[in-house]
Structure formats: structure tokens, C-alpha cells
Amino acid sequence: MKMKLEGINMQRYILSKKNSITLISAILIALAFFGRFALDNMAIFNWSLIIASILGVAPIAIQAFQALRVKVVSIDVLVTIAVIAAVLIQNYEESAIVTFLFLFGSYLEQRTLNKTRSAIKELTELAPESALKQMENGEFEEVDVDDVDEGDILLVKTGAKVPVDGTVLTGEGHINEASITGESVPVSKKVDSEVFAGTILENGTIQIRSDRVGEDTTFGRIIELVEEAQDSKSEAERFIDRFSKYYTPAVLVLGFIVWLFSKDIELAITILVLGCPGALVIGVPVSNVAGIGNGARNGVLLKGSEVINDFSRVDTIIFDKTGTLTVGNPEVAEKEFYGNNTEKILGYLASVERESDHPLAKAVLQDIGETTFYTVEETEVVKGGGIVAKIGVHRIAVGNVALMEKENVKLSEKAKKDVERFEKNGNSLVLTAVDGELKVLMGIRDQIRPGVKKDLQNLKKLGVKNLVVLSGDNQGTVDLVARELGLTEAHGHMLPEGKSAYIEKMQAKGQLIAFVGDGVNDSPSLALADIGIAMGSGTDVAIETSDVVLMNSDFSRLPHALGLTKLTSRNMKQNIIIAVGVVLVLLASLLFSEWMNMSIGMLVHEASILVVILNGMRLLRYRLRG
Numbered sequence: 006m007k008m009k010l011e012g013i014n015m016q017r018y019i020l021s022k023k024n025s026i027t028l029i030s031a032i033l034i035a036l037a038f039f040g041r042f043a044l045d046n047m048a049i050f051n052w053s054l055i056i057a058s059i060l061g062v063a064p065i066a067i068q069a070f071q072a073l074r075v076k077v078v079s080i081d082v083l084v085t086i087a088v089i090a091a092v093l094i095q096n097y098e099e100s101a102i103v104t105f106l107f108l109f110g111s112y113l114e115q116r117t118l119n120k121t122r123s124a125i126k127e128l129t130e131l132a133p134e135s136a137l138k139q140m141e142n143g144e145f146e147e148v149d150v151d152d153v154d155e156g157d158i159l160l161v162k163t164g165a166k167v168p169v170d171g172t173v174l175t176g177e178g179h180i181n182e183a184s185i186t187g188e189s190v191p192v193s194k195k196v197d198s199e200v201f202a203g204t205i206l207e208n209g210t211i212q213i214r215s216d217r218v219g220e221d222t223t224f225g226r227i228i229e230l231v232e233e234a235q236d237s238k239s240e241a242e243r244f245i246d247r248f249s250k251y252y253t254p255a256v257l258v259l260g261f262i263v264w265l266f267s268k269d270i271e272l273a274i275t276i277l278v279l280g281c282p283g284a285l286v287i288g289v290p291v292s293n294v295a296g297i298g299n300g301a302r303n304g305v306l307l308k309g310s311e312v313i314n315d316f317s318r319v320d321t322i323i324f325d326k327t328g329t330l331t332v333g334n335p336e337v338a339e340k341e342f343y344g345n346n347t348e349k350i351l352g353y354l355a356s357v358e359r360e361s362d363h364p365l366a367k368a369v370l371q372d373i374g375e376t377t378f379y380t381v382e383e384t385e386v387v388k389g390g391g392i393v394a395k396i397g398v399h400r401i402a403v404g405n406v407a408l409m410e411k412e413n414v415k416l417s418e419k420a421k422k423d424v425e426r427f428e429k430n431g432n433s434l435v436l437t438a439v440d441g442e443l444k445v446l447m448g449i450r451d452q453i454r455p456g457v458k459k460d461l462q463n464l465k466k467l468g469v470k471n472l473v474v475l476s477g478d479n480q481g482t483v484d485l486v487a488r489e490l491g492l493t494e495a496h497g498h499m500l501p502e503g504k505s506a507y508i509e510k511m512q513a514k515g516q517l518i519a520f521v522g523d524g525v526n527d528s529p530s531l532a533l534a535d536i537g538i539a540m541g542s543g544t545d546v547a548i549e550t551s552d553v554v555l556m557n558s559d560f561s562r563l564p565h566a567l568g569l570t571k572l573t574s575r576n577m578k579q580n581i582i583i584a585v586g587v588v589l590v591l592l593a594s595l596l597f598s599e600w601m602n603m604s605i606g607m608l609v610h611e612a613s614i615l616v617v618i619l620n621g622m623r624l625l626r627y628r629l630r631g
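Under our numbering, read the sequence shown as residues 6 to 631, first letter to last.
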């Protein structure tokens, strides 16, 4: 047992010194050639190469042994056999150079992979470690961020990181939200503004109330989701895993058959070296990691390489309207009054709407502003209709046309024409009746997100054929949004189950669907679509059910995300072609030329690994043009 433990510790020690061994191997090889050509000393030449071979093959052989223990015939097995065989036939030059090139390639691979993973590293480094928390005596003391609970009052000073997600209670300033949104332009924050963990207060001093802490913060979710995504495997990666499992033994068998028939051990060994699919194994993961890393830096969370592959092929994108295409902050755009006593009627309306937290109610209250409020009694919420209440002796009905019909409120011809006109203009309707008579008609419109039209045009340029909006709002409103934005289709009066049914119908026609939404009611559609895309400020349920998250609800990230996935998918295919092409060229050169040998073959292999890594790293610099 003790010997076994010592053996494991020795293996770990050797592997931990792999970079040092690579450097020593390089020095020994240089010494060997110096001894031969400068000193004309073959003993220095041979012994330097022998030591370099033994040192170099040690970590490779350990990795091969570890792979064989779990019944995997890895590339390390091929190289180990080839190097040992080269030493046995006294081809020390080949064995030393091959081990050095393999180790140096491994070093480059690790270094560049670490670089592609820098998005995660940078994010982790941005994670706040401490916070200024208000204690029971009213003083602020520095505590570990893990000691902050929801509801705590925190102080954030100029230059400090915001420790948690929260709401500004006092003060104002400008915050750099690049870690969340990818945008470095500071955002103004005042009382009641939302702030996010990991962002930096560039100027000012603010006090915030802690709303979400630890892993529940937006920043915490970003790190968690990106880490999960980078660990996931696409179909291409799973194919390569299966390919490697059978390919490596096949190369060993081929090398044995060549030796059996030709009796040329050097040729057989060279086949083992040339058959190493190093670039194939590393090419797809590096593209995947770099693509996900770019997304994380630019406010897009891609939940795995399978998502990248599917999203890149999407031909139809379906949007929820409110909070997705629109800002989710409706305002009164038009209104009509019927009869006298307007001020009193508005007071009744405001008093009733004060009882509701519906977005339309908030818009009405904002429009009315200062008024006289009355005591509201016997409030009844009519599902899908509005509110009916009593103020003194008066019966007040506030809601849509369906509620007016239920309350037997007769609409005059003018009122009917106004309703039709308001709907045609894209308004959601709020009608107010007092004692069975229509008094006020309000048309409320949500504002389209700035820049959405350009973003949708960019999606079309990227190959999306169908842009569809599905909404629970009236058809007139939905049609107006569709016309303004140049959408392919628009469907109103859609309940969650209706949206899901529409997606299933489109999928049955062979369309690859992406759905963009933000609310709990969007969760079934997000889960059902081939790609679910959630707005980052949406509900936790929507974010969890989705495949892609647009942080801070920045719609402009959507075209960037699609362009990135298309480029990443293309990059993966390029790396596969490069890797397979190199192996084929090397084997053909070995069979049909005189110049190919083991050292050249390994040099070309390591060069191909470097090429696919550098090709993958191009993704880190990707930015959508236009």
C-alpha cells in the first residue's frame, strides 16, 4: 500500500514538472547538436539525446498508463510506444525530438486554452469579496460578502465594486456595468435604480438595499452558467470522443500490419507518430470555449456547445411583445372623454386603478397625476376584463370592451369608432364607466425598444427567414408593432398554450425555432422551442428554462449572439478539416515521398495543433459589424 502511494505521488510530481522537463529536453537536444557539430563528440550527442528521450517520455508514459487504466487508448499511448521503439532501434535523434515536440505542443495547447478561458477568469476576479454593511449601531463596517443577507443596507463608495444585486436607497453615481452587459459606458444610477453585483461605481456614493446575494445575484448566475456551458459537449465533440476511441487502436493495428509485411520497424513507428490526431481532439473544444468566452464578455450567455450548433442553424425567431420588442413600460397615448365632470371621473378612475398593480393601471395613474382620491368599496377583479368597484353610491367599471359588455354599458356610435381607431393605432384599451355609462376611453401603448428595428434587420442579414411576434395583446396593437418593425407575421390574443401550439406547428413544418421572452408565461415556449432566449432582467424561471440569456435585457446582443454562434460553428468545422487534412497529407507523404520522417511528422502535427488553437482564438475578438 505504501509503495503504491509513493508511486502515485511520484507520478503527480513528474506531471507537475512537465514544463520544466520540456525546457530541460530542449537544452539537452541543443547540447547534443553542439557536441556533434562543434566538438565532434558522438558520446555527448548520443547520451544527451538518450537522457532527453527518457526524461521526455516519462510524463507522456504516465499519461498513457493513466488512460489505459480507464480502458482508453489515448494519443499518449501511440507516442510512448513510438518513442520506446525508436530508442530500442537506437534512433535517439528521432525519439528525443518527438518527445520534445509533443511536450512543447502540450505546453502551447494548455497556455492557449487558458487564454481562451480568460473570460471566466476575468469574471471570477471581478467577483466582490467584501462589503460595507450597516450594523445595529448605524455604523458601516467592512464584512466578508458571504456575511451579507437579503435586506441588509450597504454603502458603496467611488471605485468600489457593488457587492450584491440591490436597489439604491440614497445617493447617486455612475456605474460601469461591463461585467454584466459587456458595455463599458457608465450607467447613471439614482434612488430606486437597480444595481448588480460585480459592477463598479465609477463616481459618487450610494447606499443600497441588498435584494439578491451570493449565487443568486446576476453576476453569480453568469459565472455558474458560463462554467456549465464550457464543460458541456456538443454533438461534434461527442463524435470526436467516439472517433478517438476507435481511431487510436486502429493506428496501432495499422503500424503492426505495416511492420509485419515490410519488416521496417522505423516505418511502423513513423506511422504511429503521424497517425496522432492531436489537432482533431483539441480543435472543437477550443472553438467552443472561445465562443462561449466571447459571449460572456459581451453580455450573452450560451449554455453549452450544443446550443451553439442549434442556434447557428435557426431560421425562425419568435418574439414575445411586451418586455421583449417593447420596453415593458406602457404610457397613455390617446384618450377621449364622454360627458361632463371630467375631473371627478378621473378621480374615480385613479382611485380604482390604485387598487391594481397591472402595468396598464400604472400607466393610467402616471397620466392622471395629482387628483382627488375617493374611498373604494366592494372591489371585484374580473378575470381577463378589469375591475368593478363602488365609490359611494356609484358603480365604477374599469377595463376592456368585454367588461363593458358584461356590465351592459352601451357604446355610442362615436365611442365604437373611437375604440376601432384606438385599436388600429396599436393601443391597449382602458374604458371607464360610471353607473352603466361610458365616461372615459384611454389608449395605452408600450414603446418599442430603441434600436430594435436595426437589430431585426441584422438578424435577417444573418440568414433568419421568419421574424414572428406572438402576444396576448389585441391584434391591432400587435399588427402596428409588426408593421413598424418589418416582422413576417403577427398574432394577437395569444395565451401561453396558444404560443406553444404555434411553435409546435412551425416545428412540424421543419422550421428550426428560437423563442425570445422574459416572463413566467413565456417559460413553456422557451422550453419547447429549439432555442429558448431569455431577457436577462426577466424571471428566474424564464432564465433557467432558456438556452441563451441576453444580460440586462439588451436586445442588441441578439444579433451578436447569432453571428457568434454561426462563426463558432463554422470555426469548429474548419478545425476538423484542418486536423483530418493534416493526417491525410502526412500519411500520403510517408507513402509517396522520401523526405517524410518521424521528427518532421511530429513537427507538422504540433504546428497543426497550434493552427487550430489560433483559429479558435479568433472568436475571442469577434464583434458584429453593422
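Glycine included, C-beta positions come from ideal geometry on N, C-alpha and C. In this text the structure is predicted, and so the values were computed from the model without any measurement.
How long is the line joining the alpha carbons of residue 45 and residue 34, rounded to whole angstroms? 15 Å
Can you tell me the Cβ-Cβ gap for residue 305 and residue 447, rounded? I've got them flagged as a contact below 8 Å. Contact doesn't hold; Cβ gap of about 38 Å is too wide.
Any 3 or more C-beta pairs closer than 8 Å across the segment 345–360 and the segment 307–324: no
Can you tell me whether residue 274 is helix, strand or coil according to DSSP? helix
Which residues in the same chain as residue 195 place their Cβ atom closer than 7 Å to its Cβ, once the five residues preceding and following it in sequence are excluded? 173 and 177
In the structure shown, what three-state DSSP assignment does residue 46 receive? coil
Start-to-end residues for the beta strand (DSSP E) that takes in residue 306: 305–307
According to DSSP, residue 395 sits in a beta bridge with which residue or residues? 382 and 400
Could you tell me the distance, in whole angstroms, from the CA atom of residue 335 to the CA atom of residue 365? 7 Å
Residue 188 to residue 201, Cα distance in whole Å? Because residue 188 sits at a pLDDT of 49, beneath the cut-off of 50, its placement in the model cannot be relied upon, and the following sentence gives the value as read from the coordinates. Each residue's Cα considered, the two are about 14 Å apart.
For residue 204, does the count of other Cβ atoms within 10 angstroms reach 16, so buried, or fall short, so exposed? buried
Name, in chain order, the residues that DSSP records as bridge partners for residue 325. 475
State the DSSP-derived secondary structure class of residue 437, mapped to helix, strand or coil. strand
For residue 413, which residues in the same chain have their Cβ closer than 8 Å to its Cβ, ignoring the five residues on either side in sequence? 441
What residues in its chain sit with their C-beta under 6 Å from that of residue 353, if we drop five residues either side in the sequence? 396 and 401
Can you find at least 3 beta carbon pairs, one from the segment 469–482 and one from the segment 495–506, that sit closer than 8 Å? yes
Using only CA atoms, which one of 615, 595 and 166 lies nearest to residue 606? 595
Classify residue 464: buried if its beta carbon has 16 or more other beta carbons within 10 angstroms, exposed otherwise. buried
By how many angstroms is the C-alpha of residue 518 removed from the C-alpha of residue 293? 22 Å
Proximal residues to residue 479 (C-beta, below 6 Å), its chain only, five neighbours per side dropped: 428 and 497
Under 8 Å, with one C-beta from each stretch per pair, do the segment 296–310 and the segment 587–602 reach the 3-pair mark? no
Neighbourhood of residue 384 by C-beta distance below 7 Å, restricted to the same chain and skipping five residues each side: 360, 392 and 394
contact_flag[the segment 49–60, the segment 146–154] where n(CB pairs < 8 Å) is 3 or more: no
Within 10 angstroms of the Cβ of residue 74, are there 16 or more other Cβ atoms? Answer buried if so, exposed if not. exposed
Taking Cβ to Cβ, would you say residue 553 is nearer than 8 Å to residue 330? no
From which residue to which residue does the alpha helix (DSSP H) around residue 172 run? Looking at the DSSP string, residue 172 is not in any alpha helix (DSSP H); the run it does join, the beta strand (DSSP E), is 170–181.
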